[in-house]
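Below is one structure; the comments refer to it alone.
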Amino acid sequence: MGMRKWVGGAVLGVALAGCGMLPRQQASWIDAAMAVQLAAAAGPGRGVDGVFALNVRRTGEDNGRLFLGSQPDYRDPRNLSVALDPQARLALAGQLQADPKTVLKDKPILVRGTARMVRIDFTDAQGQPSGKYYYQTHVRVSDAAQIQLR
């Protein structure tokens, strides 16, 4: 009888201790830092679906895409980049009545999509891959409805 009480008390203690580690309120979004960690854990070629929250600290353009970054330096491993396809940028500009590149700078946003590790190849002066690379974490946006101001 004493052993049964001890085991029951141990199980209850473990269960209650575990409850203390649960978040008090489940957020409906994933912050940028956690998105980067989850995408890294998933590995290249995979990703994590969700709604991601970030403050746009940097904007940039490349190959017709607009990039919104969570860090001032897009090469920072902690950076979450939101990559807007040209048609999504145009649609979002219509909704915002201005270019998202200027309107969203320094603003908190939510973006729905998949955070994935994307391989970025360094190139030489002729534009050929050098064999060196690193990874960035991107959420691709093909529809303006994927983004909203927080």
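Going by the numbering used here, the sequence shown opens with residue -6, and the numbers climb by one from there.
Backbone N, C-alpha and C define an ideal beta-carbon position, used for all residues, glycine too.
Identified DSSP bridge partners for residue i
i: Asp24; result: Ala46
i: Gly53; result: Phe60
8 Å contact criterion, which residue i and residue j should meet: CB distance rounded
i: Thr107; j: Gly40; result: 4 Å
i: Pro122; j: Asp114; result: 4 Å
i: Gln139; j: Arg105; result: 5 Å
Status (buried if at least 16 other CB within 10 Å, exposed otherwise) for residue i
i: Thr52; result: buried
i: Leu144; result: Coverage of the chain is limited to positions -6 through 143, which leaves residue 144 absent and any answer about it impossible.
i: Ala8; result: Interpretation of Ala8 is limited by its pLDDT of 43, a score under 50 that renders its predicted location unreliable; the figure taken from the coordinates is listed afterwards. So Ala8 ends up on the exposed side.
i: Leu59; result: buried
i: Ala76; result: buried
i: Leu142; result: exposed
CA-to-CA distance, residue j to residue i, given in whole angstroms
i: Asp24; j: Pro37; result: 20 Å
i: Gly124; j: Leu31; result: 26 Å
i: Val96; j: Tyr127; result: 30 Å
i: Ala137; j: Arg82; result: 7 Å
i: Tyr67; j: Ala26; result: 14 Å
CB contact flag (residue i, residue j, <8 Å)
i: Val132; j: Phe45; result: yes
i: Asn72; j: Ser63; result: yes
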